[in-house]
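Visitor: Dropping a structure here in structure tokens format, bear with me for questions.
Protein chains in written order, with our numbering: chain A, 1 to 227; chain B, 228 to 322; chain C, 323 to 571.
Written out as structure tokens, the structure reads:
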């Protein structure tokens, strides 16, 4: 177990170190998320004013789009120097590579969401920060579910043609339950009065999704990645 | 054996997710669980049903048979290719 | 590098296609069985459907149900077959699992298309709108899209596309309960009068015969499609053998 965790931690730390030094992915993704939100704000207009109830949906759309970008960019880095194959050749547990990449991407996305969530709350007058625990749990578990599926498929697509368009094509249908749960949970928290029971139900569903798909990804990572 | 154990664990987790989904008591009923008798229908304009039924059944029959037909054509093409290849290999072998 | 293909050519089999695949055509026996069952069911079922009792509130248009619901069942069955075959291929790497996964994925898309085209045809009359985000239809749409993605990846993913396709099929299959639960609960916030009636006794028999017919049709299509892939693989092997022969001489 120790070597597994050490390997995963080393890979995550490597990714985060590169990111901290270059700030490339987080900066570009934050900017993308903000522009995305603005596009929605301008397009979803009713009687000349932005639709306030749209906050929950927009938040999760922005998370999904930003997540796809971050996943693509992270693995593009690996492809550039063929470092993914080097990682696979290293004498460590293969699934540790998956966990390491997952943790790195998760950390980057959470950094983006630290900016995105308050921004959406501000622009759409949505009291997202009123229940930080529930919103935090929803965002964390939802992002984790999205990344769990995304990391596996982004890794598989690294050497594939048309990988830029195939990643969203594959990812969005598979992560619809995450989006539904995230949006409905956020709506439940934002309702007045907040429907805490529903929010907890959706959090539970997200947790189950995460558990099942992380396990499935761990199980299939090595066979699908080896030639 | 290892794979089987993992498959069982995965199935158990999916089952647990299902139990969780079904257990929450203060959540609203699912939209459609079983066949439910119709009590009243929304008012719809008078649409003739026959064209819709005919269109639907045409789809049901057309799609599988078109698929089967394309399958047959592709099989015939591969069949020809196979016999051609076998001839060429058989001929080359006789040198 | 691929191992040297087996150069022992099967002798022309005058007895008809053998299990090792003498010809690409389906055996006469399989065709006979298929036609017999097909004729029985597909000649029987229209008659049975026409004679089935009218559903009291929806009338004629409800009869779409007798093929629509079995198509849905077959679609889910096919998704399951594709998912299992995908997992087997990922772990065992035997080409026959990949072929089964491909065949089942294609058929999931086929039967899903049938469900998704005829559902709105029924809905237009019964509910007044073409699409209503009905829980079952929406779940079917999502499952259908997952398998369309699977086929797209196999087609445009280049080498290694089969493993990707297998993984998508497997993930898609495991996703089915999550999709169903989340869409179902989501839909309760927009309740809609449900129009699916409980099955009156006169309808039950017809429904199950139609389901049986669809499952038989599915099995026929699945085995045929998988066989086509197998013949293609054989042709590729022979191509390779020819190339090796020509480079040697």
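Cβ coordinates follow ideal geometry from the N, Cα and C atoms, glycine included. Note that the structure is predicted; figures quoted are calculated from it, not measured.
Residue range of the alpha helix (DSSP H) that residue 101 of chain A falls in?
Guide: Within the first chain, the letter at position 101 stands for residue 101 of chain A. First-last of the alpha helix (DSSP H) with residue 101 of chain A: 94–123.
Visitor: Between which two residues does the alpha helix (DSSP H) harbouring residue 2 of chain A extend?
Guide: Taking the first residue of the first chain as position 1, residue 2 of chain A is located at position 2. Here the alpha helix (DSSP H) through residue 2 of chain A covers 2–22.
Visitor: Apart from the five residues on each side of it in sequence, which residues of its chain come closer than 6 Å, Cβ to Cβ, to residue 306 of chain B?
Guide: For the purposes of this step, residue 306 of chain B is taken as residue 79 along the second chain, with counting starting at 1. Contacts found: none.
Visitor: Can you give me, in chain order, the residues of the segment 185–206 of chain A that have a beta carbon less than 7 Å from any beta carbon in chain B?
Guide: For the segment 185–206 of chain A, which is checked against every Cβ of chain B, the residues closer than 7 Å are 197, 198, 201, 204, 205.
Visitor: According to DSSP, is residue 381 of chain C helix, strand or coil?
Guide: In the third chain, residue 381 of chain C corresponds to position 59, counting from 1. Here residue 381 of chain C sits in strand by DSSP.
Visitor: Tell me the DSSP secondary structure of residue 553 of chain C in three-state form.
Guide: For this step, residue 553 of chain C is matched to residue 231 along the third chain. Residue state, collapsed to three classes: helix.
Visitor: Under a Cβ-count criterion, where at least 16 other Cβ atoms within 10 Å of its own Cβ denotes burial, should residue 109 of chain A be classed as buried or exposed?
Guide: Against the first chain, residue 109 of chain A aligns to sequence position 109. Buried: at least 16 other Cβ atoms inside 10 Å.
Visitor: Taking C-beta to C-beta, are residue 183 of chain A and residue 56 of chain A nearer than 7 Å?
Guide: On the first chain, residue 183 of chain A is found 183 positions in, with the first residue counted as 1. On the first chain, residue 56 of chain A is found 56 positions in, with the first residue counted as 1. Their beta carbons are under 7 Å apart, which means residue 183 of chain A touches residue 56 of chain A by this criterion.
Visitor: Closer than 7 Å, CB to CB, is residue 280 of chain B near chain C or not?
Guide: Translated into positions along the second chain, residue 280 of chain B becomes position 53. So, interface residue.
Visitor: For residue 298 of chain B, tell me which candidate among C:472, C:415, C:429 has the shortest Cα-Cα distance.
Guide: Residue mapping note: residue 298 of chain B aligns to position 71 of the second chain, counting from 1. If we check each option's Cα against that of residue 298 of chain B, C:429 comes out closest.
Visitor: Just checking: is the beta-carbon of residue 66 of chain A within a distance shorter than 7 Å of some beta-carbon in chain B?
Guide: In the first chain, counting from the first residue as 1, residue 66 of chain A sits at position 66. Chain B, which has no Cβ nearer than 7 Å to the Cβ of residue 66 of chain A, makes this no.
Visitor: Is residue 1 of chain A buried or exposed, if buried means 16 or more other CB atoms sit within 10 Å of its CB?
Guide: Taking the first chain and counting its residues from 1, the one referred to as residue 1 of chain A is at position 1. It is exposed - the Cβ of residue 1 of chain A has fewer than 16 other Cβ atoms within 10 Å.
Visitor: Cα separation between residue 150 of chain A and residue 230 of chain B?
Guide: Taking the first chain and counting its residues from 1, one reaches residue 150 of chain A at position 150. Taking the second chain and counting its residues from 1, one reaches residue 230 of chain B at position 3. Taking the straight line joining both Cα atoms gives about 23 Å.
Visitor: Which of the residues in the segment 234–249 of chain B, read from start to end, lie with their CB under 9 Å from any CB of chain A?
Guide: Those residues of the segment 234–249 of chain B that come within reach of chain A (Cβ to Cβ, closer than 9 Å) are 234, 236, 237, 240, 241, 243, 244, 245, 247, 248.
Visitor: With DSSP run on the structure shown, which of helix, strand or coil describes residue 45 of chain A?
Guide: Position 45 of the first chain, counted from the start, is the residue given in the question as residue 45 of chain A. DSSP places residue 45 of chain A in strand when its eight states are reduced to three.
Visitor: Throw me the rounded Cβ distance for the residue 405 of chain C and residue 535 of chain C pair, which I believe falls under 8 Å.
Guide: To locate residue 405 of chain C, count along the third chain from 1; it is residue 83. To locate residue 535 of chain C, count along the third chain from 1; it is residue 213. About 24 Å separates the two Cβ atoms, so there is no contact after all.
Visitor: Among residues of its own chain, excluding the 5 on either side of residue 74 of chain A, which ones have a beta-carbon nearer than 8 Å to its beta-carbon?
Guide: Counted from its first residue, the first chain places residue 74 of chain A at position 74. The answer, listed in chain order, is 15, 25, 101, 104, 105, 108, 154.
Visitor: Applying the 10 Å Cβ sphere with the 16-neighbour rule, what's the burial state of residue 20 of chain A?
Guide: Counting from one through the first chain, the residue named residue 20 of chain A turns up at place 20. Exposed, since its Cβ has fewer than 16 Cβ neighbours within 10 Å.
Visitor: Nearest to residue 209 of chain A by CA position, among C:373, C:544, C:356, C:501, is which residue?
Guide: Sequence index remark: in the first chain, residue 209 of chain A carries index 209 (1-based). For the residues C:373, C:544, C:356, C:501, the minimum Cα distance to residue 209 of chain A belongs to C:501.
Visitor: Which class does residue 126 of chain A belong to by DSSP, given the choice of helix, strand or coil?
Guide: The residue you call residue 126 of chain A lines up with position 126 of the first chain. Residue 126 of chain A: coil per DSSP, three-state reduction.
Visitor: Using alpha carbons as the reference points, say which of A:215, A:199, A:127 lies closest to residue 148 of chain A.
Guide: Position 148 of the first chain, counting from 1, holds the residue named residue 148 of chain A. Checking every option, the nearest Cα to that of residue 148 of chain A belongs to A:215.
Visitor: Let me confirm a value: residue 525 of chain C is counted as buried when at least 16 other C-beta atoms fall within 10 Å, else exposed. Which label applies?
Guide: Within the third chain, the letter at position 203 stands for residue 525 of chain C. Buried, because 16 or more other Cβ atoms sit within 10 Å of the Cβ of residue 525 of chain C.
Visitor: What residues from chain C crowd round residue 300 of chain B, counting only those whose CB sits closer than 8 Å?
Guide: The residue given as residue 300 of chain B occupies position 73 in the second chain. Near residue 300 of chain B there are no residues of chain C at all, since even the closest Cβ is about 10 Å away, more than 8 Å.
Visitor: With a cut-off of 8 Å on the beta carbons, I'd call residue 78 of chain A and residue 158 of chain A a contact; round off their distance for me.
Guide: Here residue 78 of chain A corresponds to residue number 78 of the first chain, with the count starting at 1. Here residue 158 of chain A corresponds to residue number 158 of the first chain, with the count starting at 1. About 6 Å; that satisfies the 8 Å criterion.
Visitor: Between the C-alpha atoms of residue 309 of chain B and residue 479 of chain C, what's the straight-line distance to the nearest angstrom?
Guide: For the purposes of this step, residue 309 of chain B is taken as the residue at position 82 of the second chain. For the purposes of this step, residue 479 of chain C is taken as the residue at position 157 of the third chain. Rounded to whole angstroms, residue 309 of chain B to residue 479 of chain C spans 27 Å at the Cα level.
Visitor: Going by CA-CA distance only, name the one from B:248, B:236, B:235, B:315 that's closest to residue 199 of chain A.
Guide: The residue labelled residue 199 of chain A in the question sits at position 199 within the first chain. That would be B:248, whose Cα lies nearest to the Cα of residue 199 of chain A.
Visitor: Residue 241 of chain B: which of A:138, A:207, A:146, A:193 sits nearest, CA to CA?
Guide: As a position in the second chain, residue 241 of chain B is number 14, starting the count at 1. It is A:207 whose Cα lies nearest to the Cα of residue 241 of chain B.
Visitor: Indicate the three-state DSSP secondary structure (helix, strand or coil) for residue 86 of chain A in the structure shown.
Guide: The sequence position of residue 86 of chain A within the first chain is 86, counting from 1. Looking at residue 86 of chain A - three-state DSSP - the assignment turns out to be helix.
Visitor: So, for residue 370 of chain C: in the same chain, excluding its five sequence neighbours on each side, which residues have a beta-carbon less than 7 Å away from its beta-carbon?
Guide: Numbered from 1 along the third chain, position 48 holds the residue referred to as residue 370 of chain C. 528, 531.
Visitor: Threshold first: 4 residues or longer. Then list the alpha helix (DSSP H) segments lying entirely within the segment 427–487 of chain C, N to C.
Guide: The segment 427–487 of chain C contains these whole alpha helix (DSSP H) runs: 457–478.
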